[in-house]
Amino acid sequence: MDFLQSLVLPATTKHLMMVKLILALSMMIFIPFFGMLLGGTAFSVIFNSYGRKNKKPMYVRFAKDIIDKLAINRFVGVGLGIIPLLSIAFCYAQLLYGQTVITVSLLLVATFFLAVAVNFIYSYQNTFQIESLIETFKDISGLDKHELETKVPEEVTDYEFDLLNTNSNAGLWGFVLLIITALFFAGGTSIALNSDRYQDFQNIAQMFLSGSTFINFLFILVFSLAATGVAILFFFFGWQGGMHDMEEEYADFAKNIGGKIAFTGAALLPVFLFLSFFFIPKVALSGSVFVYTGLAFIGILLLCNLIYAVIKNSETKYIGAAFYLLILCVGFIVMKNESAFGIAVEKNLLAVNQKAMEVEAERKSKTVSTSGINGEEIYNKLCVACHKFDVKVVGPPYQQTVPTYNGDVKKLAGFILKPVKKNPEYPPMPAQPLKPKEAEAVALYLIEKVSGKK
Ligand code: HEC
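Residue numbers (the working numbering): 177 to 630.
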């Protein structure tokens, strides 16, 4: 995207360090939340439609609880989803400065899809609440089933029907859009590692040519499974002592399903971790990529054990540990990706730094470097005999003439070095024995003094 290129400036090595840090933090926020959102939406939609079709209220209740606990609310969706992803896109734009490759475009497209998805998902979540509101009113109305059917106005039953329709549609749309988001995110981040082949990735269709896009896409799906399962366990049973209004039957149901989802995801994760590792291009490999992959692998194995203990012995005390371990694993995976990306674009970053220094030098030469030379001293030595700021001496007062230069130090210095005839009321000014740098220093001094800066 060209407009992004014009938004970011080449950064120096110091700034690039900052950008990398922001990138890592944004990923640490985005990936776990996105995983929960994707899996949470998927399972909520599945349980919801299954529960309604087969008239199993417990399934519908589970669907509502999942989307409530995992997606939380709209603000969280924006704060932990959309904003971090946007920030990731900007960081990539900064780190890929001057390169033409579709990564940043893909990430921006992903952000767009995520924004639309988030909209659908929270209206899906909302309809559950309105529905339970209607149920509550029916309950307290004291009418029996037959009376409800005859006495409730048609608008209300129609509305209820519409609501249930929107409910399932919005959830499904949200899910589909999240899948698309995941695909573009995987594409953007995978392609960024192929720094020796950027010329092969110039438009969106080429994203599908990269095998690593698909592997990383699958990796995200499997990770979502693990994250969703662990999050169900955590938010139902771990967080602040767990949910309090669960009957035993429902609690067992939730623990069983959550545990199974978590275990399936966590057990598949090492497979995809290795696959995605093998797809890292040579230009992006380094010792630290190995180390972080290894750490992530060990973390995931431990995670599998913890989840197994939860399922087998119903040991809810391990649930908190499992949740934090999962976040730690995300940390290792993010570091793995980031060090791979860092290696892949090392040369580019050096070039960016070079460019940043050039831009900086150019900016300096425009603003004039007068270090070591004192403009005021020169004025007192050479000019004061003929010039004051406020009154006419031999030459005109500076307050009249200097502002006509509009702060252009170079132009004023040019006049001082080689005066030309200006005002017929004055004799010509003799040329001053100054070096160009000294003329600039005194010009700067005059400009700052006249404008009140000194
Ligand atoms: C011997 C007297 C003399 C000295 C010394 C002198 N000037 Fe001048 N200066 C003049 C005169 C006379 C004019 C008016 C020239 C004109 O209008 O053509 C002038 C004009 C100027 C102007 C106005 C230019 C314009 O665009 O109207 C500036 C600025 C200036 N001098 C700066 C300096 C500086 C800085 C120094 C010391 C480094 C200096 N002058 C030293 C006599 C002097």
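From the three backbone atoms N, C-alpha and C, an ideal C-beta is built for every residue, glycine too.
Computed from a predicted structure; not experimentally measured.
Nonlocal neighbours in the same chain, by C-beta distance under 8 Å from residue i, ignoring five residues either side
i, result
"Asp178", "At Asp178, the pLDDT of 49 sits below 50, so the modelled position is not reliable; the number obtained from the coordinates is stated separately. Nothing meets the Cβ criterion."
"Ser317", "Leu324"
"Gly439", "Rather than Gly, the amino acid found at residue 439 in this sequence is Phe. Excluding positions up to five away in sequence, the list reads Gly405, Cys480, Ile483, Tyr484 and Ile487."
"Ala200", "Val510, Met511 and Glu514"
"Ser386", "Gly363, Ser366, Ile367, Asn370 and Phe377"
Own chain partners of residue i with C-beta closer than 7 Å, once the 5 adjacent residues on each side are dropped
i, result
"Asn599", "Pro572"
"Ser263", "Ile198 and Ser202"
"Glu552", "Tyr621"
"Ile356", "Phe289"
"Asp584", "none"
Pick from the options that is closest to residue i, judged by C-alpha positions
i, options, result
"Ala607", "Thr189, Phe395 and Leu593", "Leu593"
"Val447", "Lys436, Thr469 and Ala460", "Thr469"
"Met204", "Phe313, Phe351, Ala293 and Glu514", "Glu514"
"Arg250", "Gly227, Pro233, Lys232 and Leu290", "Leu290"
"Phe454", "Ser366, Tyr426, Ala443 and Gly417", "Ser366"
"Lys458", "Ser388, Ser220, Val570 and Asn550", "Ser388"
"Ile207", "Met511, Pro603 and Phe591", "Met511"
"Phe351", "Val569, Leu213, Tyr574 and Val626", "Leu213"
"Gly347", "Phe517, Tyr602, Thr577 and Gly215", "Gly215"
"Cys562", "Pro603, Val535, Ile549 and Gln270", "Pro603"
"Asp523", "Arg237, Ala460, Asn230 and Val280", "In the sequence as displayed, the identity of residue 523 is Lys instead of Asp. The candidate whose alpha carbon is nearest that of Lys523 is Ala460."
"Gln530", "Gly274, Phe210 and Gly211", "Gly274"
"Lys229", "Thr189, Lys321 and Asn341", "Asn341"
"Ser344", "Asp421, Ala239, Val506 and Ala589", "Ala239"
"Val236", "Ile222, Lys245, Glu534 and Tyr500", "Ile222"
"Asn302", "Asp244, Asn582, Cys267 and Lys190", "Asp244"
"His191", "Ala532, Leu282 and Tyr500", "Ala532"
"Glu624", "Phe499, Leu588, Pro609 and Ile248", "Leu588"
"Lys611", "Gly590, Val626 and Trp349", "Gly590"
For residue j and residue i, believed in contact at Cβ under 8 Å, the rounded distance
i, j, result
"Ala472", "Ile503", "Not really, about 12 Å apart at Cβ, beyond 8 Å."
"Thr217", "Ile297", "6 Å"
"Val618", "Ile554", "4 Å"
"Phe410", "Gly441", "The Cβ separation is near 14 Å, so there is no contact."
"Ile643", "Phe377", "For residue 643 there is no data in the structure shown, the boundaries of the chain being 177 and 630."
"Val294", "Val254", "7 Å"
"Ala402", "Leu445", "6 Å"
"Ile258", "Thr276", "Actually they are not in contact, since the Cβ atoms of Ile258 and Thr276 sit about 26 Å apart, beyond 8 Å."
"Ala516", "Val465", "5 Å"
"Glu311", "Leu339", "About 11 Å separates the two Cβ atoms, so there is no contact after all."
"Ala150", "Leu397", "Residue 150 falls outside the range modelled here, since the chain spans only 177 to 630, and no answer is possible."
Where residue i sits in the DSSP three-state scheme
i, result
"Leu340", "helix"
"Asn582", "coil"
"Ile495", "helix"
"Cys562", "coil"
"Met204", "helix"
"Val328", "coil"
"Ile367", "helix"
"Thr276", "coil"
"Phe399", "helix"
"His191", "helix"
"Met422", "coil"
"Lys641", "Lying outside 177 to 630, the shown extent of the chain, residue 641 is not represented and no answer is given."
"Pro233", "helix"
"Leu610", "coil"
"Leu461", "coil"
"Met177", "Note that Met177 has pLDDT 46, beneath the 50 cutoff, so the model's placement of it is unreliable and no number is given."
"Phe448", "helix"
"Gly227", "helix"
"Leu319", "coil"
Residue burial classification, residue i (beta-carbon count within 10 angstroms, cutoff 16)
i, result
"Leu309", "exposed"
"Asn379", "exposed"
"Ser490", "exposed"
"Val332", "exposed"
"Leu526", "exposed"
"Glu614", "buried"
"Asp372", "exposed"
"Met605", "buried"
"Glu475", "The sequence shown places Gly at residue 475, not Glu. So Gly475 counts as buried."
"Phe565", "exposed"
"Glu423", "exposed"
"Ala537", "exposed"
"Asn432", "exposed"
"Gly211", "buried"
"Met193", "exposed"
"Glu616", "buried"
Proximal residues to residue i (C-beta, below 6 Å), its chain only, five neighbours per side dropped
i, result
"Ala443", "Cys480"
"Phe413", "Thr492 and Ile495"
"Met419", "Phe412"
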